[in-house]
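Working notes, structure below.
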Amino acid sequence: MHRLEKQSYVFNLFNQKQKSTTDLSREGAAFMWHQLLIHVLRQMLETESLKSKDKGALTVYRGQQIPNEEFTKLQQSIGKLIAANGFFSASREKEVSIIYAGESSDEMTAVLFEIQADPSLRSITLADIHQISEFTEEQEVLFSLGATFHIDSIVFDAELSLWKVQLKSTDDGWERVQEYMQLAEDEMKDTSPMIYFGSLLLHELGQVEQAEKYFQVLLKTLPSDHVDISSLKIGLGHIHIKRGDYRLALQEYEQAYKIRQDNLSVLHPRIATSLRNFGNTYRAMGDFDQALFYFREAMKINERNYLTDHICVAMTFEEIGLTFQGKAQWETALVWFEDALEIFKRILPSRHPQIAQCLGYIGNSYRYMKQFDCALGYFRQELEMDEQCLPSDHGHVINDLSRIVDTYRAMHAYDQGLQFCREKLAVYRELFGEHHPRFVNTLLRIVCS
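Numbered according to the UniProt record's numbering, the sequence shown spans residues 1 to 449.
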């Protein structure tokens, strides 16, 4: 709350009615929501402090369309927990929510969530926003991220021609949710909400074009001496990296580095971040010695700033490992990856995509050294963790599958590779149907094998 109040601008880039990202080319339209967001968050904090005076649970509804494969996964989670990974709204008016649910189609399932919410629980923070909503008749209630619910039942309502999902708020699993919340908060400590949102667009959602528009809008809007300009330049550099435009990336990174040199001490963590950006770019260009120079310079700064385990230290170790992989020094790379993994395990939740990625890097090292059984062990751990942590159609999961199949092929263990694919194919058909990327990719692997 205090962080947001200090910002010059806060963006609401989510259309409440269409539930889709706003076109960022409409410059300026996203800058009008600051006071509304502050008001809502203040009300949430007031609700939080008044929990003990709350009169009890309330029933609210949410209607929406869910992709068929995601709904199938939801059906198989009856009796389990579900946690909100962002803000979401519901309505006290059932009829309004039924309208939003719409009708099922070949690709989407119409769902009406019936939510029993108890604000006295630790996991539940909510605000009644109907008085400040443009649509007061909808009687909207806004839930904060981290709200946790038990999936009681999922039944088809023939009269309404939609599926009804009954959720009940709970504090079960609250500690694990808090681990992720604290991690996200720690990641944001040195990043403004403006920049963090762009990073989410780019890295988490993979919306490269939208992220570029977003950063460009900020560059045109913010004063030239704004504290976030260097971070915007870095964001644009990351976009060029994803496109393979390494020279353009270096130009953006160099401009950001100069701004930081002019305004920060030589030992500031952001200086180390800029050095790592140089290192990653030169590594992508195949100039591994130059990359190692920048990573080692970043390490010197990290050693002065972080006396205990820190995510930046682990990520630098990982990047050095990747550089030695590029130099075909597999055993040296393995040492760096293992050191990174130990730090990740100490500071991250036990199941986390960053840990999974590091397991994959270790598996690659063993595969390059032709120790295929060890490689398969790490690749299977990576796949299992990514399946638990990432969305069902995430590209990392498909890459994990490919690495396992490629390793079986390198071993000439074709029967084992086919058996693995068939087992996964059966699971994915049951979970997601026959049109899901995981199913299709696994089927293609069988054909190619």
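Every residue gets a Cβ at the ideal spot worked out from N, C-alpha and C, and that includes glycine.
Just measuring C-alpha positions, the residue of D228, V397, A410 and F149 sitting nearest K80 is F149. G237 places its beta carbon 8 Å or farther from that of A211.
Note on the UniProt repeat "TPR" (272-305): whole alpha helix (DSSP H) runs with a minimum of 4 residues are 288-305, in chain order.
By the CB criterion at 8 Å, S274 and R283 fall outside the cutoff. Pairing N68 with A291, the inter-Cα distance amounts to about 45 Å. In the structure shown, I66 falls within a strand segment according to DSSP collapsed to helix, strand and coil. I355 and K164 have their alpha carbons spaced roughly 36 Å apart.
For Q354, the enclosing alpha helix (DSSP H) starts and ends at P353 to Y368. Contact between A101 and G63 holds, with the beta-carbon distance rounding to 3 Å and staying under 8 Å. In the DSSP assignment, E114 falls within the beta strand (DSSP E) that extends over M108 to A117.
For the pair of segments examined, the stretch 294-301 was found not to touch the stretch 334-346: the number of CB pairs separated by less than 8 Å stays below three.
If you look at I82, you'll find it in the beta strand (DSSP E) that goes L81 to A83. Cβ neighbours of E93 within its own chain (closer than 8 Å, five residues either side excluded): Y61, E137, E138 and Q139.
Buried is the label assigned to F278, since at least 16 other Cβ atoms lie within 10 Å of its Cβ. V227 sits in coil when the DSSP states are folded into three classes, being neither helix nor strand. DSSP, reduced to helix, strand and coil, places V266 outside both helices and strands of the structure shown, so it counts as coil.
With a threshold of 16 other beta carbon atoms within 10 Å, H240 meets it and is buried. For H150, the uninterrupted beta strand (DSSP E) run begins and ends at T148 to D157, by DSSP.
Taking a cut-off of 8 Å for Cβ pairs, the stretch 356-364 and the stretch 372-383 touch, as three or more such pairs fall below it.
With 16 or more other Cβ atoms from the protein chains shown falling within 10 Å of its own Cβ, P119 counts as buried. With a beta-carbon spacing of about 6 Å, I82 and I151 fall inside the 8 Å limit used to define contacts. When rounded, the separation of the alpha-carbon atoms in I404 and L376 is 6 Å.
Note on F156: under 16 other CB atoms within 10 angstroms of its CB, so exposed under the neighbour-count rule. For L200 and S192, the gap between their C-alpha atoms comes out near 12 Å. Here F143 is bridged, per DSSP, to F88 and L126.
Boundaries of the beta strand (DSSP E) harbouring L167: L162 to S169, taken from the DSSP string. In the DSSP assignment, Y61 forms a beta bridge with S91 and E114. In terms of CA proximity to Y366, Q325 leads the group Q216, I343 and Q325.
The straight-line gap separating the alpha-carbon atoms of F295 and D406 is approximately 31 Å. Contact check for V208 and K242: beta-carbon distance about 6 Å, within the 8 Å limit, so the pair qualifies. Going by DSSP, G326 is part of the alpha helix (DSSP H) stretching over I311 to G326. It is roughly 12 Å from the alpha-carbon of N280 to the alpha-carbon of G244.
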